[in-house]
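This report refers to the structure that appears directly beneath it.
Residue numbers (the numbering used here): 30 to 174.
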């Protein structure tokens, strides 16, 4: 059974998002695009909150959020207790976010990395497992509730 992936962002990430959806579907992932669908200016929380809620509800295993800097989407996603969003701009960060932090949302900065790198980071994020062990205790202490 294919992993179910949620993806969303804002107008600055819409081009990368569209390419990423096509790539992920070609790889066999089941992808839900939460929008936006044009490059008209939008407010990223309108897309990231529903995406994050769907992941918390167990409808999707992992998520990818994309905006200009990656910060706004990551901050918004991390307001949800069940989300651990990691802003990544290199391969090591993408791997470590899963291995050590059990991140469930990858945040990408479209204005600061190439699409090719964004695709590689998504691949690493989606195929890297959480190591557990000594990291589990730390991850268990993240939530405020």
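Cβ atoms here follow ideal geometry from the backbone N, Cα and C, with glycine treated the same way. Since this is a predicted model, take the numbers as computed values, not measurements.
Just confirm the distance between the C-beta atoms of residue i and residue j, as a whole number of angstroms; I'd bet it's less than 8 Å.
| i | j | result |
| --- | --- | --- |
| residue 120 | residue 153 | 6 Å |
| residue 93 | residue 34 | 7 Å |
| residue 144 | residue 46 | Residue 144 to residue 46, Cβ: 10 Å. No contact. |
| residue 150 | residue 106 | The Cβ separation is near 16 Å, so there is no contact. |
| residue 84 | residue 111 | 7 Å |
| residue 50 | residue 60 | 5 Å |
| residue 129 | residue 160 | 7 Å |
Count the other CB atoms, across all protein chains shown, that sit within 10 Å of the CB of residue i; report buried if there are 16 or more and exposed otherwise.
| i | result |
| --- | --- |
| residue 156 | exposed |
| residue 127 | buried |
| residue 162 | exposed |
| residue 117 | buried |
| residue 63 | buried |
| residue 99 | buried |
| residue 171 | exposed |
| residue 166 | exposed |
| residue 147 | buried |
| residue 55 | exposed |
| residue 132 | buried |
| residue 139 | buried |
Within the same chain, show all residues whose beta-carbon is closer than 8 Å to that of residue i, passing over the 5 residues directly before and after it, in chain order.
| i | result |
| --- | --- |
| residue 40 | 65, 67, 68, 69, 70, 71 |
| residue 142 | 118, 150 |
| residue 32 | 58, 59, 90, 91, 155 |
Within its chain, find whatever has a CB closer than 6 Å to the CB of residue i; leave out the 5 residues flanking it on each side and keep chain order.
| i | result |
| --- | --- |
| residue 136 | 94, 99, 102, 103, 114, 116 |
| residue 81 | 106, 109, 112 |
Under 8 Å between C-beta atoms, does residue i make it to chain B?
| i | result |
| --- | --- |
| residue 67 | The structure shown contains no chain B; it is built from a single protein chain. |
Could you pull out every residue in the same chain whose Cβ sits closer than 7 Å to the Cβ of residue i, ignoring the five residues on either side in sequence?
| i | result |
| --- | --- |
| residue 77 | 37, 94, 102, 105, 106 |
| residue 73 | 38, 39, 96, 101, 102, 105 |
**Asked** Residue ranges of each alpha helix (DSSP H) run of no fewer than 4 residues wholly in the segment 107 to 136, ordered along the chain?
**Response** 120 to 128
**Prompt:** What are the start and end residues of each continuous alpha helix (DSSP H) run of 4 or more residues lying completely inside the segment 54 to 94, in chain order?
**Reply:** 74 to 85
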